[in-house]
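>
In our numbering, the protein residues as written are 278 to 545.
1) Which runs of the alpha helix (DSSP H) spanning at least 4 residues fall entirely within the stretch 281-361, listed in chain order?
2) Buried or exposed: residue 338, going by 16 or more other Cβ atoms within 10 Å of its Cβ?
3) Going by the beta-carbon positions, is the gap between residue 385 and residue 361 smaller than 7 Å?
4) CB-CB under 6 Å to residue 438, same chain, minus the five flanking residues each way: which ones, in chain order?
5) Measuring only the C-alpha atoms, how far is residue 393 from residue 400?
6) Determine the extent of the beta strand (DSSP E) in which residue 377 is found, giving its start and end residues.
7) Under a Cβ-count criterion, where at least 16 other Cβ atoms within 10 Å of its own Cβ denotes burial, should residue 356 be classed as buried or exposed?
8) Consult DSSP for residue 451 and reduce its assignment to one of helix, strand or coil.
9) Taking contact to mean at least 3 C-beta pairs separated by less than 8 Å, is the stretch 315-328 in contact with the stretch 477-484?
10) Pull up the distance between the alpha-carbon of residue 396 and that of residue 295, whole angstroms please.
11) Check whether the stretch 512-531 touches the stretch 298-309, counting contact only when three or more Cβ pairs, one atom from each stretch, lie closer than 8 Å.
12) Using 10 angstroms around the beta-carbon of residue 432, count the other beta-carbons present and answer buried if the total reaches 16, otherwise exposed.
13) Just the Cα atoms here: how many angstroms apart are residue 467 and residue 489?
14) How many angstroms separate the CA atom of residue 522 from the CA atom of residue 516?
15) How about residue 370 and residue 380: are their beta carbons less than 7 Å apart?
16) To the nearest angstrom, how far is the alpha carbon of residue 443 from that of residue 373?
17) For a test of the three-state rule: what should DSSP assign to residue 387, helix, strand or coil?
18) Keeping to the same chain, check which residues put their C-beta closer than 8 Å to that of residue 367; ignore five residues upstream and five downstream.
19) Have a look at the DSSP bridge pairing and note the partners of residue 369.
20) Rounded to a whole number of angstroms, what is the C-alpha to C-alpha distance between residue 577 and residue 330?
21) Let me check understanding here. Comparing Cα to Cα, which of 293, 497, 451 and 406 lies closest to residue 520?
22) Could you tell me the boundaries of the alpha helix (DSSP H) in which residue 526 lies?
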C-alpha cells in the first residue's frame, strides 16, 4: 500500500500540463482545492470532477495511476464517511441497533467522500506533472512578495520541495524495512492496538536512522556544491509566462466562476 502513494512522485512524459509554468499549476491547485469547499450542491462537485478529468486527460498520466494514490487514504476515507454517516443529527432513515443513519448524514458522507477524492487526485496531479526543481522555482516566485517582511523565501520553498520529494523515497524505504522485519518474524497486522504499536518500534528506529542519513548526505552534497542560500543566485532556466500559460489561467477563471456560481445555487 505504501507504494501506492503518488503524492510527491513525478510522472515523466510529454503533455500540455507538463509544459505549463509551475506557478500556473501551483495557483490552479490552490484555487481548485478552495473551490471544493464552496459548493452547496452535488452539481458543483460534478463540474469539479469533469474539470479534473479534462486536466488528467491533458496530462497524459494514466488514470489508473492517479486512482492508485487513493488506496493510501482508503482507511481515512472510510472513517470520515462512517463518522458523518452515523453521527450527523437529522431526519432518521435507517436505525441499526443504537446507531441511526440520517438523511443529512448520508448527504454529508457523500459530500466528504467526493471532496477528499477530488482533493487528493488534484493535489497529486500537481506533483506528478512538475519536477522538484520547477516546483521549488514556482513556489519561490509566488512567495517573493514575502521578502519585503524578511521571510527567507528561497529556503522555505526549497524545504517544502525537498519534503515533497522525500515522501515517495521514505515510503519506499518503509516498505523495504517492513518486508525485511516481516521476514524476521515481525507481525504488523495482528493483535490489539498496543501490540501493533509495539510492533512498529523495530520499523521506526531504522526508518529514522535512514532519514537522518539521507538528510546528512543531502546537506554534504549541497555544501560540496558551494550552496549558500538564495541571495544573489541566478536561474539557468528562468520562469517566463507563455501563451499557453495565459490560456490555462483563462480556463481556470472560467472553471472557478462556473463551478462556484452553479455549486452555490439552491436546487430546492
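Even glycine gets a Cβ: it sits at the ideal position worked out from N, Cα and C.
Predicted model only: the values in this text are computed from it and were never measured.
In this structure, then:
1) 299-313, 319-336 and 340-345
2) buried
3) In this structure, the beta-carbon distance from residue 385 to residue 361 falls below 7 Å.
4) 409, 412 and 413
5) 10 Å
6) First-last of the beta strand (DSSP E) with residue 377: 376-379.
7) exposed
8) helix
9) no
10) Using only the alpha carbons, I get a separation of about 19 Å.
11) Taking 8 Å as the limit for Cβ pairs, the verdict is that the stretch 298-309 does touch the stretch 512-531.
12) Flag for residue 432 reads exposed.
13) Taking the straight line joining both Cα atoms gives about 30 Å.
14) 11 Å
15) Their beta carbons are under 7 Å apart, which means residue 370 touches residue 380 by this criterion.
16) Roughly 44 Å between the two C-alpha positions.
17) helix
18) 379, 380, 381 and 382
19) 379
20) Because the chain is modelled from 278 through 545, residue 577 falls outside the range shown and cannot be assessed.
21) Comparing Cα positions, the closest option is 293.
22) First-last of the alpha helix (DSSP H) with residue 526: 520-540.
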